[in-house]
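Participant:
Residue numbers (this note's numbering): 734 to 1731.
Written out as structure tokens, the structure reads:
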């Protein structure tokens, strides 16, 4: 007899399938890549970026294309549904299903070949767009369409979705850039498809078999319904809804490849794709046009299109305001002309003069209109990129408006004829108002040059009445779009959210053709069932739904941006997938994913597991979950996601919270004691540092490491012969030293963090020299203090809170006197600026301390604006600590180094890989070292010996020292102090004052 624990039943829309342990075992026998059916893997893939949730049966990461074919063969033999998945960023529900999920992005991401002469290439389906374009750059080529998720969206996913993005204005949709596909059907037919001549068609029929059956069936469908295929498809640039059966028409050369683009994995699995490439633009210029409102901006689109822009994007004041609230707009707002709605118009050119001339021709044209817009002209690539990123940040800015209801997809990418866009925007705004969705919470933006409008709407998806209201709205929205001759989807596909509405757009007879096509390719309904054809209702399988419930746990952190609720924080991720970039030079997150390429090792994957933990159905053991613990184990707590994630997911905080509950009243890993309690151990070691160093460098070191849970490959850092605090107590008086009476800039409290104090006291000595030279009186705390960092990173939050409260008591007089506190170790400084206020919510002294804590560069540029730093005149390779990147910022450091004559080359390497205790913990060394080997360590080895290697973080310096580089990194304080050794020192410009070059 089969028990419930022995089986799982798929209700995916295919015939019910019983999946037992033998299925996973069968897959493992035939598949070289990873096969997982555990709760953690299934939870990580249960949702995409849509409103929907379906827990998969298993997850397969094929090692090769043939490996994927083997997995599909096993599934076919067992009659099991299959979902072929790309980047998992779909907004319509097409990349979540109760099926075996094939994630091609982990291993199958090769650029197979490039034909520069014909501007084509062949790729595997798992390659991300940015990764592809980076490799194509050496040929001065790129793939044209560029969705806003270009960092993580895969070519397989783009093909499944028929993706577009802003550059579709110039290059068309993905379907317009495909010359051939290698595909696999559910029953195992593997073939290359593309345009088919009559001669090729005859050869295929003559060969017989399953391929001939499919081609003959499609030809009969086409020939029987020519009128429908020629008249029912809206003739607009952004028709993405439905199957592309019009590609089968004689005038389109019976192109089966283009017919399959946009079928969302419901007909075939894509194994390889041959892409048409385009030259990389040599130059670009941007014009931003300002209008009174977004509808008026829409009215102007037909006047701009004859100028043939490369991009034509629109956005309203609501989006800009939301981005400013979320601190996503950066400095771009100052480049926006006045108005309430804007068009961003980009022109490409053979050179900058050519691009500029096109932009100026547009300005000459619009200035002669009755009501000319305001405008800004830009040909600075950096500023253009800032403004493009403002538009691309739309989803992140609109998902969680501060103090308001979260927003959802469901009607976020409809497209209409561009010449009717202005009127559509007015009618759509009226529809939003009719349904009670206020103008200040529903922004309108998108690819206006092609009539595609994006928005997110605060649907109530937890109640029966709210879900009914959602359904009524999207049905009314579909009627409105159809009345304009538009497409339900202009970019994101049909999936589940729009498929049910396709009869409104195409009519029942064309939808019947979609069903015939599905039956021809997939008669058993095993390929991504319930999507596009014979779809699930749009209000079923919701991520939340009327039965969504969970207990709200008491927490250590306060989660001020999530209404004080951990459950809300766990739902913050909207699936954009920027954390899944494996090649980005623009961000810190997510170092573990960059190494492993496993979904559960991304910020998004971990957020998914935490959501499932709160939901309590797939992951049922709550805070005790081993699946969640294992997913978080390789989180480096780098905090990169806190700044790089468009919606501000802070996985380091979530990890600390989880560990605090997971190990509550339980024995912890040995490393939590050895490294979590490092500040106290360091104090003890400081009494006899030479003896401790002798012991840790002796043959007993392996035993000490094993006892402390330390990776055997790591060297235990050596303690300084004398701590900085000890040396400070014996510091001889000096008549030239500023004191409280003679320090023109007043007192400053130098924070003696554990790492600087006990391991690198020379850094603190250098900082004192620099601070005193600037005119500060340097003070130290009167008693031993600690920020609690190591207890926070190991999830010992009750201890961390006690440590912080004690520190506040010791510093109370200085805090309340407003004395600035300067930190030298970025991770400790970041605790005072961020973690401390969340851990001790409501503590006024903690809040004060957060406001008056500075990095060395911040203090010197903000509080000593007229001080002229010494001229150091050195080249420096700079590794930014990840907590500085995420919390503190680097602009003051850049300004100070420039003023001191330091020619800084700041590495875009992300986290160094050591990340405090992470890289020292047993079991983490390989990932830690691999993260360092991505960029940092090779760059240090390659740099000129005369170039200084600058790293303010103890972890970064240690990774460099233990990374076989032969170099010793220095702190900025040491570099500045070296310039004070000349007599008299040469002086640079004041670091805190604007310079002409700015």
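The beta carbon of each residue, even a glycine, is placed where N, CA and C say it ideally should be.
#1: Could you check which residue in 1583, 1650, 1581 has the C-alpha nearest to that of residue 1527?
#2: Give the DSSP-derived three-state secondary structure of residue 1617 in the structure shown.
#3: Out of curiosity, what's the CA-to-CA distance linking residue 816 and residue 1366?
#4: Measure the C-alpha to C-alpha separation of residue 755 and residue 1259 and round it to an integer number of angstroms.
#5: Looking at the strands, I want to know which residues DSSP matches up with residue 1054.
#6: Could you round the C-beta distance between residue 1116 and residue 1040 to whole angstroms and report it? I think they count as a contact, below 8 Å.
#7: Between 850, 1437, 1231, which has its C-alpha nearest residue 827's C-alpha?
#8: Quick check on the DSSP output: the beta strand (DSSP E) that includes residue 915 runs from which residue to which?
#9: Taking just the CA atoms, how far does residue 979 sit from residue 1381?
#10: Would you call the CB atoms of residue 1160 and residue 1213 closer than 8 Å?
#11: Could you check where the alpha helix (DSSP H) with residue 1017 kicks off and where it finishes?
#12: Opposite residue 898 in the DSSP bridges: which residues?
#13: Hey, residue 1003 and residue 889: beta-carbon distance below 8 Å or not?
#14: Mind checking whether residue 830 and residue 1263 have CB atoms under 8 Å apart?
#15: Would you call the stretch 838-848 and the stretch 802-810 in contact, with 3 or more CB pairs under 8 Å?
#16: Three-state secondary structure (DSSP) at residue 787?
#17: Mark residue 1447 as exposed unless 16 or more other C-beta atoms lie within 10 angstroms of its C-beta, in which case mark it buried.
#18: Please report how far the alpha carbon of residue 1653 lies from the alpha carbon of residue 1027, in whole angstroms.
#19: DSSP state of residue 1685, grouped into three classes?
#20: Kindly indicate the opening and closing residues of the beta strand (DSSP E) around residue 1187.
#21: Pull the bridge partners of residue 890 from the DSSP assignment, please.
#22: Have a look at residue 1658 and residue 1666 and give me their C-alpha separation to the nearest angstrom.
#23: Between the C-alpha atoms of residue 880 and residue 886, what's the straight-line distance to the nearest angstrom?
#24: Would you say residue 1544 and residue 1518 are within 8 Å of each other, going by their C-beta atoms?
#25: Please report the straight-line C-alpha distance between residue 744 and residue 788, rounded to a whole angstrom.
#26: Check whether the stretch 1588-1608 touches the stretch 1492-1508, taking contact to mean three or more Cβ pairs, one atom from each stretch, closer than 8 Å.
#27: Report the start-end ranges of each alpha helix (DSSP H) in the stretch 794-828 that is 4 residues or longer and not cut off at the edges.
#28: Please confirm whether residue 793 and residue 775 have their CB atoms less than 8 Å apart.
#29: Could you work out which residue in 1008, 1441, 1158, 1133 is closest to residue 1192 when comparing CA atoms only?
#30: In three-state DSSP terms, what is residue 930?
#31: Is residue 832 closer than 8 Å to residue 1261 when the C-beta atoms are compared?
#32: Please go through the same chain and pick out, in chain order, the residues whose beta-carbon is closer than 7 Å to the beta-carbon of residue 1426, but skip the five residues on each side of it.
#33: Using a Cβ-Cβ cut-off of 7 Å (strictly less than) and excluding sequence neighbours within five positions of residue 1411, which residues of its own chain qualify?
#34: Just to confirm my understanding: we take residue 1265, look at its own chain, exclude 5 residues before and 5 after, and list those with CB closer than 6 Å. What are they?
#35: With a CB to CB cut of under 6 Å and the five nearest residues on each side skipped, what residues in its chain are close to residue 915?
#36: Does the distance from the C-beta atom of residue 1645 to that of residue 1692 stay below 8 Å?
Facilitator: On the basis of the coordinates in this document:
#1: In the chain shown, the residue the question calls residue 1527 occupies position 794. Minimum Cα distance to residue 1527 is reached at 1650.
#2: Locating residue 1617 in the chain shown gives position 884, counting from the first residue. In the structure shown, residue 1617 sits in a helix (DSSP, three-state: H, G or I).
#3: The count along the chain shown starts at 1 and reaches residue 816 at position 83. The count along the chain shown starts at 1 and reaches residue 1366 at position 633. Roughly 28 Å separates the two Cα atoms.
#4: By 1-based counting over the chain shown, the position of residue 755 is 22. By 1-based counting over the chain shown, the position of residue 1259 is 526. Using only the alpha carbons, I get a separation of about 19 Å.
#5: In the chain shown, the residue the question calls residue 1054 occupies position 321. Looking at the DSSP assignment, residue 1054 forms no beta bridge with any residue, so it has no partner.
#6: The residue you call residue 1116 lines up with position 383 of the chain shown. The residue you call residue 1040 lines up with position 307 of the chain shown. Between residue 1040 and residue 1116 the Cβ distance is about 21 Å, and since that is not below 8 Å, they are no contact.
#7: Along the chain shown, read from residue 1 onward, the residue named residue 827 stands at position 94. With distances taken between Cα atoms, residue 827 lies closest to 1231.
#8: Here residue 915 refers to the residue found at position 182 when the chain shown is read from its first residue. It spans 911-917 - the beta strand (DSSP E) in which residue 915 sits, taken as one unbroken run.
#9: As a working mapping, residue 1381 is identified with position 648 in the chain shown. As a working mapping, residue 979 is identified with position 246 in the chain shown. Computed Cα separation, rounded: 42 Å.
#10: Within the chain shown, residue 1160 is the residue found at index 427, counting from 1. Within the chain shown, residue 1213 is the residue found at index 480, counting from 1. Contact flag set, yes.
#11: Reading the chain shown from its first residue, position 284 is the one you call residue 1017. That residue, residue 1017, is in no alpha helix (DSSP H); its beta strand (DSSP E) goes 1016-1024.
#12: Your numbering for residue 898 matches position 165 in the chain shown. Beta-bridge pairing links residue 898 to 879.
#13: Along the chain shown, read from residue 1 onward, the residue named residue 1003 stands at position 270. Along the chain shown, read from residue 1 onward, the residue named residue 889 stands at position 156. Yes, these two residues count as a Cβ contact at 8 Å.
#14: The residue labelled residue 830 in the question sits at position 97 within the chain shown. The residue labelled residue 1263 in the question sits at position 530 within the chain shown. Going by C-beta atoms, residue 830 is nearer than 8 Å to residue 1263.
#15: no
#16: Your numbering for residue 787 matches position 54 in the chain shown. Coil at residue 787, not helix or strand.
#17: Translated into positions along the chain shown, residue 1447 becomes position 714. Residue 1447 comes out buried.
#18: Here residue 1653 is taken as the residue at index 920 of the chain shown, counted from 1. Here residue 1027 is taken as the residue at index 294 of the chain shown, counted from 1. In a straight line, the C-alpha of residue 1653 is about 54 Å away from that of residue 1027.
#19: Here residue 1685 refers to the residue found at position 952 when the chain shown is read from its first residue. Correct three-state label for residue 1685: coil.
#20: Your numbering for residue 1187 matches position 454 in the chain shown. Taken as a continuous stretch (DSSP letters only), the beta strand (DSSP E) holding residue 1187 covers 1185-1187.
#21: Taking the first residue of the chain shown as position 1, residue 890 is located at position 157. Partner(s): none; residue 890 has no beta bridge.
#22: Within the chain shown, numbered from 1, the residue matching residue 1658 stands at position 925. Within the chain shown, numbered from 1, the residue matching residue 1666 stands at position 933. If you take the alpha carbons of residue 1658 and residue 1666, they lie about 12 Å apart.
#23: By 1-based counting over the chain shown, the position of residue 880 is 147. By 1-based counting over the chain shown, the position of residue 886 is 153. Near 8 Å, if we compare the C-alpha coordinates of residue 886 and residue 880.
#24: Position 811 of the chain shown, counting from 1, holds the residue named residue 1544. Position 785 of the chain shown, counting from 1, holds the residue named residue 1518. Their beta carbons are under 8 Å apart, which means residue 1544 touches residue 1518 by this criterion.
#25: If you number the chain shown from 1, residue 744 lands on position 11. If you number the chain shown from 1, residue 788 lands on position 55. Because the pLDDT at residue 744 is just 43, under 50, the model does not fix this residue reliably, and the value given afterwards should be weighed accordingly. If I take the Cα positions, the gap works out to 10 Å.
#26: yes
#27: 798-811
#28: Here residue 793 refers to the residue found at position 60 of the chain shown. Here residue 775 refers to the residue found at position 42 of the chain shown. For residue 793 and residue 775, no; Cβs fall outside 8 Å.
#29: Looking up residue 1192 in the chain shown gives position 459. Taking only the C-alpha atoms, the option nearest residue 1192 is 1133.
#30: The residue labelled residue 930 in the question sits at position 197 within the chain shown. Coil, per DSSP.
#31: On the chain shown, residue 1261 is found 528 positions in, with the first residue counted as 1. On the chain shown, residue 832 is found 99 positions in, with the first residue counted as 1. It is a contact, given that the beta carbons lie within the stated cut-off.
#32: What you label residue 1426 is simply residue 693 of the chain shown in a count that begins at 1. Excluding sequence neighbours, residue 1426 sits near 1451, 1452.
#33: Position 678 of the chain shown holds residue 1411. Taken in chain order, the residues that qualify are 1487, 1523.
#34: Your numbering for residue 1265 matches position 532 in the chain shown. 997, 999, 1227, 1232, listed in sequence order.
#35: As a position in the chain shown, residue 915 is number 182, starting the count at 1. Cβ neighbours of residue 915 beyond the five flanking positions: 925, 1004, 1005.
#36: As a first step, residue 1645 must be located in the chain shown, where it is residue number 912. As a first step, residue 1692 must be located in the chain shown, where it is residue number 959. Contact: yes.
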